[in-house]
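**Q** I am attaching a structure below and will ask some questions about it afterwards.
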Amino acid sequence: MVTSVMILCAVLASLAAGVLLAYGVCQALFAIFRVHARSVAATRVSAAPARTIAG
2 MVTSVMILCA VLASLAAGVL LAYGVCQALF AIFRVHARSV AATRVSAAPA
52 RTIAG
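Using the numbering used here, the first residue of the sequence shown is number 2, and each one after it goes up by one.
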């Protein structure tokens, strides 16, 4: 009985660690992508020609 409880706790702890690790990886990759998107947007704004509204 005690062995089963210990195995169950180990499985749940391992699952929780995996979920937290995956969450951390996703957060890091989204942060990197956010920096990349901002740099691309800044490049596009600086390279865009000035537009005038006719009317």
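Backbone N, C-alpha and C fix where the C-beta goes; we use that ideal spot for every residue, glycine too.
1) From G25 to R52, what does the alpha carbon distance come to, in whole angstroms?
2) Determine the DSSP secondary structure at T53, reduced to helix, strand or coil.
3) In three-state DSSP terms, what is M7?
**A** Taking the definition as stated:
1) Cα-Cα distance, rounded: 43 angstroms.
2) Three-state DSSP puts T53 in coil, outside helix and strand.
3) helix
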